[in-house]
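Trainee: Sending over a structure as structure tokens; questions will come in a sec.
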């Protein structure tokens, strides 16, 4: 085997290290350990042994699945026993985690990133009878639980809450926990409206997504009294004016120094604004020096005598001296609702929901998913603002049944051409035909290749004139995948 690496033997160690740093540590160890003394020594360098991911990657460098049994056997029998004292951080998946962690003694291991794979295996790993209890209890300070699938593909949401509780009970030395992040969408946990039994006197940082606001309150009731940093997202909150303002709970969290709060509150009695946040949260957390939030509150407006303006909401943040706060207030007469979106800037989420014509602008480099909705038409200039504000936009959903007021014909080259360089998925279902034209006419928009288009087929038929309209040919030719609301035989048109 050594002759396969003979060209490398003429390179100095520094150059070899630069070359090998472009490969996964797992591949370097698997390929070089045992070849000869020099390559063996290079492979044992802390650069390749301190942090080790024993999981398959896909072409996008995303962790996806287990290693083959052949590769896993070589690691457990020959490689890990030789480098075990150097490993500080493992990235593992649950199907092979037990085999790997029991293959050797890892005295310096203090961090685990675990990829969820299988329901039964996951539950058995995180109970008191697990053979890994001694490692979990005594060594692990930092833990990240993630998933390769979306929320419904692995196990029910309340079962994930049980796993979370078991983890906090088992990992008695845990300081930092991120639970449960998925490669596809956002995943949530729930304690199913039952008070959980866990507590922790060590945990100082927690990142978590909960399904109900009750789940959020359990985390804020003092059982995690050493927390200094909390990032929490609640999926859905119904009118809980009394519950959200539980002062005793927040007083027990007075040691918090950093709080990230992401909420959607439906049909509350009033908008959540700066005065509300100051009274309900900030005043009970004297050590809070970083408050990141993204809160969208929705109210019924049919019986309200006074409708707060955006200026009213913006003025309510006058006491937030060290924060840049953005607010956007909208009223929708047809649906008889009002919406107030407030967030700290710079924006930190990968999605922006229910964006309207009142969008205040800015630069959102982290956002990849945008949903826009309004009862007023979106004009061409609005889409220019969207493209500028979200330069890395990948997924766009439009909901608007109002016709555009500013029309242009197929040959109008005077409007600015809009480019969406990274757009991969375009949802055009609940729309007026004008918005299909907005994206399919080559005089208005330049789409990238390989678009996934979701559209009502009747709309597509009208706008493209049965796929014969010259002005739509270029952009429609870039559609790699079509999801039509009404399925028809397209073969005669292609």
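In UniProt numbering, the protein residues as written are 1 to 494. Quick reminder that beta carbons are idealized off the backbone N, C-alpha and C, glycines included. Note that the structure is predicted; figures quoted are calculated from it, not measured.
(1) Check residue 483 in the structure and name its three-state DSSP category.
(2) Put residue 30 into one of helix, strand or coil per three-state DSSP.
(3) Rounded C-beta distance between residue 273 and residue 298? I'm assuming under 8 angstroms.
(4) So, at 8 angstroms on beta carbons, what are the nonlocal neighbours of residue 108 in its own chain, with the 5 sequence-adjacent residues on each side left out?
(5) Measuring straight from C-alpha to C-alpha, what distance separates residue 382 and residue 463?
(6) Exposed or buried, which one is residue 328 when buried takes at least 16 other CB atoms within 10 Å?
(7) So residue 51 is in the beta strand (DSSP E); what residue range does that whole segment cover?
(8) Is it right to say residue 93 is buried, meaning 16 or more other beta carbons lie within 10 angstroms of its own, or is it exposed?
(9) When the distance is taken between beta carbons, is residue 424 closer than 9 angstroms to residue 465?
(10) Going by CA-CA distance only, name the one from 217, 200 and 340 that's closest to residue 191.
(11) Beta carbon of residue 428, beta carbon of residue 452: below 9 angstroms?
(12) In this structure, does DSSP put residue 86 in helix, strand or coil?
(13) Would a C-beta distance cut-off of 9 angstroms place residue 459 and residue 418 closer than the cut-off?
(14) I'd like to check one pair, residue 229 with residue 257: are the Cβ atoms closer than 9 angstroms?
(15) Assuming residue 167 contacts residue 199 under a Cβ cut-off of 8 angstroms, what Cβ separation, rounded to an integer in Å, is found between them?
(16) For the beta strand (DSSP E) holding residue 353, just list the boundary residues, first then last.
(17) Quick check on the burial criterion: 16 or more other C-beta atoms within 10 angstroms. Buried or exposed for residue 485?
(18) Is residue 67 closer than 9 angstroms to residue 117 when the C-beta atoms are compared?
(19) Under a three-way DSSP split, which group does residue 154 fall into?
(20) Quick check: the Cα distance between residue 131 and residue 40, rounded to an integer number of angstroms?
(21) Quick check for students: name the residue ranges of the beta strand (DSSP E) that lie wholly in the stretch 166–235, counting only runs of 3 or more.
(22) Between the beta-carbon of residue 350 and the beta-carbon of residue 372, is there less than 9 angstroms?
(23) How do the stretch 304–318 and the stretch 361–369 stand: do at least 3 beta-carbon pairs fall below 8 angstroms, yes or no?
(24) Please state the DSSP three-state secondary structure of residue 322.
(25) Give every residue of the same chain whose Cβ lies closer than 7 angstroms to the Cβ of residue 391, excluding the five residues on either side of it in the sequence, and list them in chain order.
(26) Can you look up residue 13 in the DSSP assignment and give me helix, strand or coil?
(27) How far does the alpha helix (DSSP H) with residue 472 in it reach, from first residue to last?
(28) What does the alpha-carbon distance come out to for the pair residue 105 and residue 81?
(29) Within the continuous beta strand (DSSP E) that includes residue 35, where are the two ends?
(30) Mind pulling the beta strand (DSSP E) runs of 3 or more residues that sit fully within the stretch 389–457?
(31) How many angstroms separate the CA atom of residue 128 from the CA atom of residue 206?
(32) Is residue 292 closer than 9 angstroms to residue 344 when the C-beta atoms are compared?
(33) To which residues does DSSP link residue 296 through a beta bridge?
(34) Over what stretch of residues does the alpha helix (DSSP H) that includes residue 115 continue unbroken?
Mentor: Taking the geometry as given:
(1) Strand.
(2) Here residue 30 sits in helix by DSSP.
(3) Distance from residue 273 to residue 298 at the Cβ level is roughly 14 angstroms; contact not present, criterion being Cβ atoms closer than 8 angstroms.
(4) Counting only residues of its own chain and dropping the five nearest sequence neighbours on each side, residue 108 has a CB closer than 8 angstroms to the CB of 85, 86, 87 and 88.
(5) Rounded to the nearest whole angstrom, the C-alpha separation of residue 382 and residue 463 is 21 angstroms.
(6) Flag for residue 328 reads buried.
(7) Following the DSSP letters along the chain, one finds residue 51 inside the beta strand (DSSP E) bounded by residues 51–53.
(8) Per the 10 Å Cβ criterion, buried.
(9) For the pair residue 465 and residue 424, the CB atoms are not nearer than the 9 angstroms cut-off.
(10) Closest option to residue 191, Cα to Cα, is 217.
(11) Going by C-beta atoms, residue 428 is not nearer than 9 angstroms to residue 452.
(12) Residue 86 carries a helical assignment under DSSP once its states are collapsed to helix, strand and coil.
(13) Not in contact: residue 459 and residue 418 (Cβ atoms no closer than 9 angstroms).
(14) Using a Cβ distance threshold of 9 angstroms, residue 257 and residue 229 count as a contacting pair.
(15) Not confirmed; about 12 angstroms, so no contact.
(16) It spans 351–355 - the beta strand (DSSP E) in which residue 353 sits, taken as one unbroken run.
(17) Exposed, by the Cβ-count rule.
(18) In this structure, residue 117 keeps its C-beta atom at 9 angstroms or more from the C-beta atom of residue 67.
(19) The pLDDT assigned to residue 154 is 47, lower than 50, so where the model puts this residue is not dependable, and the model offers no usable value.
(20) Taking the straight line from one Cα to the other gives about 32 angstroms.
(21) Taken in chain order, the unbroken stretches of beta strand (DSSP E) that lie wholly in the stretch 166–235 and span 3 residues or more are 176–182 and 205–212.
(22) With respect to the 9 angstroms criterion, residue 350 and residue 372 are not classified as neighbours on the basis of their beta carbons.
(23) When C-beta atoms of the stretch 304–318 are compared with those of the stretch 361–369, fewer than three pairs fall below 8 angstroms, so the two segments do not count as touching.
(24) In the three-state reduction of the DSSP assignment, residue 322 falls in the coil class.
(25) Leaving aside the five residues that flank residue 391 on each side, the residues in its chain whose CB is nearer than 7 angstroms to its CB run, in chain order, 365.
(26) In this structure, residue 13 counts as helix in the three-state DSSP scheme.
(27) Here the alpha helix (DSSP H) through residue 472 covers 470–476.
(28) So the two alpha carbons sit approximately 8 angstroms from each other.
(29) No beta strand (DSSP E) contains residue 35, which DSSP labels as neither H nor E.
(30) 395–399, 425–428 and 451–455, all fully within the stretch 389–457.
(31) Distance from the CA of residue 128 to the CA of residue 206, rounded to the nearest whole angstrom, comes to 22 angstroms.
(32) Closer than 9 angstroms, so yes.
(33) According to DSSP, which records beta bridges pairwise, residue 296 is partnered with 264 and 341.
(34) Counting along the chain, no alpha helix (DSSP H) covers residue 115; the unbroken beta strand (DSSP E) around it starts and ends at 111–116.
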